[in-house]
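Worksheet: one structure, shown below.
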Amino acid sequence: KAGVTQTPRYLIKTRGQQVTLSCSPISGHRSVSWYQQTPGQGLQFLFEYFSETQRNKGNFPGRFSGRQFSNSRSEMNVSTLELGDSALYLCASSLEADDNEQFFGPGTRLTVL
Amino acid sequence: DQQVKQNSPSLSVQEGRISILNCDYTNSMFDYFLWYKKYPAEGPTFLISISSIKDKNEDGRFTVFLNKSAKHLSLHIVPSQPGDSAVYFCAASRSEYGNKLVFGAGTILRVKS
């Protein structure tokens, strides 16, 4: 069974631009969560989607948004990029909404110049 | 406010000996705890978990102990192997918050052969 896939793996953008990251969960998994990893703040929860609905949201500004499609694939968008948005963005999937065991993808490394 | 703390940034252990990684939490509402292992350029890999109704869970070389009164959990790896060298993250969740995980800062484990 294929794992969680994320595209692209690496991305370089400049301040003020916007970016869209994609995540395909493990087949059959219906819950997708997004995390940001930075050296200073560690791994921080962004949001969780289940059945195309956002169930939980972390403490990030409105520039960070996401959505989930009917096939459970998810995208996250960051608008008006800032230097501090440079990070590893990780997607995790799980079978159900309250299934604690989450499986992570390899991440997308975003660099904002 | 760091709700999950891993106070040891790094740990070095001889191959074959026991590795003990520690984690403290402040939020008594957490009811599920997980350990993840992360290699560079990869996403975190789930290792083992424990519900707050238990005080021990074992899976092969990995055992997690939970002390609710002290708000402390630990991961024991016996025997340690060089391939265990990685960053280990402790994470916690609350049932009503679905799949939102709160992570510690991580501990770098080096197993010397």
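These protein sequences, in sequence, are chains A and B.
The first sequence begins at 667 in the numbering used here and counts up by one.
The second sequence begins at 80 in the numbering used here and counts up by one.
We put the beta carbon where it would ideally sit given N, CA and C, even for glycine.
- Got a sec? Which residues, its chain only, sit under 7 Å from B/V157 by beta carbon, not counting five neighbours each side? The sequence position of residue 157 of chain B within the second sequence is 78, counting from 1. Cβ neighbours of B/V157 beyond the five flanking positions: I97 and R140.
- Task: Pull up the CB-CB distance for B/S128 and B/F112, whole angstroms please, since I reckon it's below 8 Å.
- Result: Counted from its first residue, the second sequence places residue 128 of chain B at position 49. Counted from its first residue, the second sequence places residue 112 of chain B at position 33. With 8 Å as the limit, B/S128 and B/F112 qualify as a contact, their Cβ atoms being about 6 Å apart.
- Task: Check each residue of the segment 86-115 of chain B: if its Cβ is closer than 7 Å to any Cβ of chain A, include it; give the result in chain order.
- Result: Y111 and L113
- Query: Could you check where the beta strand (DSSP E) with A/E741 kicks off and where it finishes?
  - Reply: Position 75 of the first sequence holds residue 741 of chain A. A/E741 -> beta strand (DSSP E) spans S740 to V744.
- Message: When you compare the CB of B/P161 with every CB in chain A, is at least one pair closer than 7 Å?
- Response: Residue numbering aside, residue 161 of chain B sits at position 82 when the second sequence is read from its first letter. False, the Cβ-Cβ gap to chain A never drops below 7 Å.
- B/Y167 burial status per 10 Å Cβ neighbour count (16 or more: buried): Within the second sequence, the letter at position 88 stands for residue 167 of chain B. B/Y167 is buried by the Cβ-count criterion.
- Give the residues of chain A in contact with B/L180, contact being defined as C-beta atoms less than 9 Å apart. For this step, residue 180 of chain B is matched to residue 101 along the second sequence. In chain order: S699, Y701, L709, F711, A758, N766 and Q768.
- Item | Proximal residues, the segment 712-739 of chain A versus chain B, C-beta separation under 8 Å | Taking a C-beta cut-off of 8 Å against chain B, the contacting residues of the segment 712-739 of chain A are E714, F716, R721, N722 and G724, listed in chain order.
- Item | Anticipated Cβ contact below 8 Å, A/S699 with B/N178, distance rounded | Within the first sequence, numbered from 1, the residue matching residue 699 of chain A stands at position 33. Within the second sequence, numbered from 1, the residue matching residue 178 of chain B stands at position 99. The pair is a contact, with the Cβ atoms about 5 Å apart (cut-off 8 Å).
- Query: In the DSSP assignment, what are the bridge partners of A/A753?
  - Reply: The sequence position of residue 753 of chain A within the first sequence is 87, counting from 1. For A/A753, which the question treats as bridged, DSSP gives the partners A/L776.
- Message: With a threshold of 6 Å on Cβ separation, who are the neighbours of B/N106 within its own chain once the five nearest residues in sequence on each side are excluded?
- Response: The count along the second sequence starts at 1 and reaches residue 106 of chain B at position 27. Closer than 6 Å at Cβ, skipping near neighbours: Q82.
- Message: Which residues does DSSP list as the beta-bridge partners of A/G771?
- Response: The residue labelled residue 771 of chain A in the question sits at position 105 within the first sequence. None, per the DSSP bridge assignment.
- Query: Which residues in the same chain have their Cβ closer than 6 Å to the Cβ of A/L754, if we skip the five residues on either side of it in sequence?
  - Reply: Here residue 754 of chain A is taken as the residue at index 88 of the first sequence, counted from 1. Contacts found: Q703, G773 and R775.
- Message: Suppose contacts are defined by Cβ-Cβ distances below 7 Å. Is B/K84 in contact with B/G183 by that definition?
- Response: Position 5 of the second sequence, counted from the start, is the residue given in the question as residue 84 of chain B. Position 104 of the second sequence, counted from the start, is the residue given in the question as residue 183 of chain B. Yes, Cβ-Cβ distance for B/K84 and B/G183 is below 7 Å.
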